[in-house]
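Below is one structure; the comments refer to it alone.
2 protein chains.
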Amino acid sequence: MDITELRDRILNQDRRALARAITLVESGRSDHREQAAALLDALRPAGRQAIRIGLSGTPGVGKSTFIESFGMFLTAQGMRVAVLAVDPSSARSGGSILGDKTRMERLSRDKHAFIRPSPSQTHLGGVARRTREAVALCEAANFDVVLIETVGVGQSETVVSEMSDLFLLLLAPAGGDELQGVKRGIMEMADLILVNKADGDLKATATRTCADYSGALRLLRKRPQDPEGFPKAMTVSAIEENGLDEAWAQMCELTSWRRAQGQWDSRRAAQARHWFIEELRQTVLAQLETPKALQEINGLAADVAENKLSPSAAADRVLKALHIPQA
Amino acid sequence: MDITELRDRILNQDRRALARAITLVESGRSDHREQAAALLDALRPAGRQAIRIGLSGTPGVGKSTFIESFGMFLTAQGMRVAVLAVDPSSARSGGSILGDKTRMERLSRDKHAFIRPSPSQTHLGGVARRTREAVALCEAANFDVVLIETVGVGQSETVVSEMSDLFLLLLAPAGGDELQGVKRGIMEMADLILVNKADGDLKATATRTCADYSGALRLLRKRPQDPEGFPKAMTVSAIEENGLDEAWAQMCELTSWRRAQGQWDSRRAAQARHWFIEELRQTVLAQLETPKALQEINGLAADVAENKLSPSAAADRVLKALHIPQA
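Protein chains in written order, with our numbering: chain A, 1 to 327; chain B, 328 to 654.
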């Protein structure tokens, strides 16, 4: 299938073409990279935009169940939903352990939904580019909502937040002391905190946890991208499908306000600039990770550690051997 | 003066030669860089080591007074003391505002002390290399203690801690709430917290503040480089010159323990490796900061922000224009 045909099929919402295109952007082969770039360029003029929703939550908070319930809720409203995952840890297992489709059986059978298992990658940098490109493909294929899930390993929340219009933090009901387990940096990224499992025996705890987080959010500095009352915390029950309508209403309110204020566009522009610079940085740093570079570096590391050679002199030798210019 | 003569004079503890050599390592000129590298190589075989003490403290804690009193205390014991400063903010003022020698008048007249005002630099990366090299020169000039002071702007504590054998955090007496003003990351670097101004009206507050920090330190994870009871907090009065002997005794105890355990050497080895890699990273990243690179990047930034060009495609064009290979 040539690029023009692939483009047309994606614009016509062909799911198999979309899946194929995502495989293309995930490939590391240089001919594939060139084809992927040509495809993305060909799709850009369509100018389609989805709401990109980043979602983070540690294992055990019911993330898969939430994505399934929330996804079904959205498709029931007539929307088309794509689910992507950023999982740097999957480099080890070669993909999600259970497989995303197995985790979300109902949603994977919904013809208005598209679920893409996380690719196996070694570098978070590579994961970021491939996921951004997969998001762009889903937007071109006319999805209304793209959910980008992260397992919350290392820097992955930051990466996902930098490619999302909205960032949701899914939490489990917990005692007051455990509240501090959420890093301040992650809290500060959240537009909406959803305390899941507000059902059965955990309902009262969920309500109390939600109140704790509401209090914690009020202590954070006001952000320019928020109207009055945001970010906020709410309870949901993914399993009983409760609170999803209210959560979605909040997301819509926030989205409308940001669009009206120009915050939506300026955020997307800032994100694009961020990824431009980040990609440049990652590529120049990759010069130090080639087999030849690692050989040079490892060959001098012992002398540096034993103070037989200064760090600067050693760096100088490596840079000369790699023909990297020094300012 | 040629490099051999400069080397000999430095080894003979000639202060003017030392000052001249530091000027050489601070220079950005490529011929000066080469001479500096040759000089450092020529001095290395002497294998002299000082105790490198990093010192951080926010403005107003009495850092200059402390360095003066502590420096005078050390020279009174027969030791030779060098004081260097890492001040990335001085790029604006072209050096410390008042000048380090004015700040420490008594110590600057002491013939066993050497004070070097902070150079004006734009990059923290550059400051780090120049300071490390100045430390190496002071060691070759047979100083027993090298104090490396930081004003605590941005990442400068981390930089100083990575080139120090011991890291001191100087704090002012304060109410309980203000304790949280010290970032956890900075606390975790400290080997010794000194609560200054334990004199006059502030004595009781200083004692209480010290107890608060002792408690906070006990909550931190035990570090392999510490014997029982470290890191610890103590009170000092720089102005009354109280507690300096006890603080020095603690530094000696910690130093002896680390030497005996092999922690001293392994830390220096790890630091050397760190600076080797860091210098490589800074140099390859500097490829993106040349006038040509900035012109290329700025020329495409608007198209990227307006989504006329993808971040990846823009990065690709910049890298091609700069002849930087892509993996």
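Every residue gets a Cβ at the ideal spot worked out from N, C-alpha and C, and that includes glycine.
For P551(B), no CB of chain A lies under 7 Å from its own CB, so it is not counted at the interface with that chain. For V236(A), there is no enclosing alpha helix (DSSP H), as DSSP marks it with neither H nor E. Neighbours of T283(A) in chain B, taken as residues whose beta carbon is under 8 Å from its own, are A642, L646, I651, Q653 and A654 in chain order. The C-beta of G512(B) has fewer than 16 other C-beta atoms within 10 Å across all chains shown, which makes the residue exposed.
Between H439(B) and T402(B), the CB-CB gap stays under 7 Å. Counting along the chain, the unbroken beta strand (DSSP E) around A440(B) starts and ends at A440 to I442. L288(A) is not a Cβ neighbour of L615(B), given a cutoff of 7 Å. The stretch 223 to 232 of chain A and the stretch 49 to 65 of chain A do not touch, with fewer than 3 CB-CB distances between them shorter than 8 Å. Under DSSP, A525(B) forms no beta bridge with any residue.
In the three-state reduction of the DSSP assignment, E476(B) falls in the strand class, which pools E and B.
Where G54(A) is concerned, the enclosing beta strand (DSSP E) starts and stops at I51 to S56. When only Cα atoms are considered, E306(A) and F167(A) end up about 47 Å apart. For L280(A), the uninterrupted alpha helix (DSSP H) segment begins and ends at Q263 to A286.
Setting aside the 5 residues that flank it on each side, D144(A) is surrounded in the same chain by A50, I51, L74, M79, R80 and V81, each with a C-beta closer than 8 Å to its C-beta; the list follows chain order.
Look at the beta carbons and you see the stretch 609 to 626 of chain B not touching the stretch 574 to 586 of chain B: under three pairs across the two are nearer than 8 Å.
Beyond the five residues adjoining it in sequence on each side, Y213(A) comes within less than 6 Å, by CB distance, of I193 and A233 in the same chain, given in chain order.
Annotation: the continuous alpha helix (DSSP H) that includes V304(A) extends over P291 to A305. Closest in C-alpha terms to S564(B), from the list A468(B), I394(B), R375(B) and S593(B), comes I394(B). If you ignore the 5 residues before and after D341(B), its C-beta comes within less than 8 Å of the C-beta of A468, all in its own chain and listed in chain order. The straight-line gap separating the alpha-carbon atoms of M187(A) and D165(A) is approximately 16 Å. Boundaries cannot be given for V388(B), as no beta strand (DSSP E) includes it and DSSP labels it neither H nor E.
Taking one beta carbon from each stretch, the stretch 266 to 276 of chain A and the stretch 627 to 645 of chain B have 3 or more pairs nearer than 8 Å; the two touch. For A37(A), the uninterrupted alpha helix (DSSP H) segment begins and ends at S30 to L43. Q590(B) and M516(B) have their alpha carbons spaced roughly 15 Å apart. In chain order, L366, A369 and L370 place their CB closer than 7 Å to the CB of R334(B), counting only its own chain and leaving out the 5 sequence neighbours on each side.
When secondary structure is reduced to three states using DSSP, F494(B) falls in the strand class. When secondary structure is reduced to three states using DSSP, I651(B) falls in the coil class, being assigned neither helix nor strand.
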